[in-house]
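This report concerns only the one structure given below.
Numbering (the numbering used here), first residue to last: 1240 to 1389.
Written out as structure tokens, the structure is:
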């Protein structure tokens, strides 16, 4: 099925869960990814995104993340952002030093309830539903265009 999707331009939709889409899959035929089920583990979402950013991809890939406000999905996104930040500090920046913990703002920022995820393009979702009022940012940066719809 995957080979057929990648080879046949007439097939424009391939539906997978984030977990199954993140392991052993090559979807270079895709130019749009829509996440409807964020994972508690941000690396699982990153792996699923990377399935479209494989060798052989010739197009720009746009990634959308569907998040409903005031729901468990919003909380999952918030927790995943916190986990991503922890990983960045621990691995990428080697930021878990005694000096880091002495600065109370660092800890407060890490576990703050605000959904501040950096400089990612924001797009507005449909205005036809009362619950769908604003768009939040997604938490993966530098992997194509990542957009979150609420």
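For every residue, glycine included, the Cβ atom is placed at its ideal position computed from N, Cα and C.
(message) What would DSSP say about residue 1266, mapped onto helix, strand or coil?
(response) Residue 1266 sits at position 27 when you count from the first residue of the chain shown. Residue state, collapsed to three classes: coil.
(request) Below 8 Å on the Cβ atoms is my guess for residue 1301 versus residue 1276; work out the distance and round it to an integer in Å. (result) Working through the chain shown from its first residue, we reach residue 1301 at position 62. Working through the chain shown from its first residue, we reach residue 1276 at position 37. Their Cβ separation, rounded to whole angstroms, is 18 Å, which puts residue 1301 and residue 1276 out of contact at 8 Å.
(request) Look up residue 1255 in the DSSP assignment and say whether it is helix, strand or coil. (result) Indexing the chain shown from 1 puts residue 1255 at position 16. The answer is coil: DSSP assigns residue 1255 none of H, G, I, E or B.
(request) Could you tell me whether the region 1285-1295 touches the region 1311-1318, where touching means 3 or more Cβ pairs closer than 8 Å? (result) no
(message) Can you give me the C-alpha to C-alpha distance between residue 1361 and residue 1266, rounded to a whole angstrom?
(response) In the chain shown, counting from the first residue as 1, residue 1361 sits at position 122. In the chain shown, counting from the first residue as 1, residue 1266 sits at position 27. Interpretation of residue 1361 is limited by its pLDDT of 43, a score under 50 that renders its predicted location unreliable; the figure taken from the coordinates is listed afterwards. Cα to Cα, the separation comes out at about 25 Å.
(request) Indicate whether residue 1273 and residue 1303 have their beta-carbon atoms separated by less than 8 Å. (result) As a first step, residue 1273 is located in the chain shown; it is residue number 34 there, counting from the start. As a first step, residue 1303 is located in the chain shown; it is residue number 64 there, counting from the start. Taking 8 Å as the Cβ cut-off, residue 1273 and residue 1303 qualify as a contacting pair.
(request) For the alpha helix (DSSP H) containing residue 1315, list its first residue and its last residue. (result) Translated into the one-based positions of the chain shown, residue 1315 becomes position 76. Note, residue 1315: alpha helix (DSSP H), 1311-1326.
(message) Could you tell me the alpha carbon to alpha carbon distance between residue 1278 and residue 1263, rounded to whole angstroms?
(response) For the purposes of this step, residue 1278 is taken as the residue at position 39 of the chain shown. For the purposes of this step, residue 1263 is taken as the residue at position 24 of the chain shown. Looking at the two C-alpha atoms, the distance is approximately 17 Å.
(request) Could you please give me the residues that DSSP links to residue 1271 through a beta bridge? (result) The residue labelled residue 1271 in the question sits at position 32 within the chain shown. Residue 1271 pairs with 1301.
(request) Output yes or no for whether 8 Å exceeds the beta carbon distance between residue 1270 and residue 1309. (result) Residue numbering aside, residue 1270 sits at position 31 when the chain shown is read from its first letter. Residue numbering aside, residue 1309 sits at position 70 when the chain shown is read from its first letter. No; because the gap between Cβ atoms is not below 8 Å, this pair is not in contact.
(message) Measuring straight from C-alpha to C-alpha, what distance separates residue 1281 and residue 1317?
(response) Walking along the chain shown from the start, residue 1281 turns up at place 42. Walking along the chain shown from the start, residue 1317 turns up at place 78. Approximately 10 Å between the Cα atoms of the pair.
(request) Could you pull out every residue in the same chain whose Cβ sits closer than 6 Å to the Cβ of residue 1253, ignoring the five residues on either side in sequence? (result) Counting from 1 along the chain shown, the entry for residue 1253 is found at position 14. Within the same chain, residue 1253 has close Cβ partners 1244.
(request) Consider the Cβ of residue 1276: report whether some Cβ of chain C lies at a distance smaller than 8 Å. (result) Annotation note: the requested chain C is absent from the structure, which comprises a single protein chain.
(message) If you reduce the DSSP assignment to three classes, tell me which class residue 1276 lands in.
(response) Position 37 of the chain shown, counting from 1, holds the residue named residue 1276. Three-state DSSP puts residue 1276 in coil, outside helix and strand.
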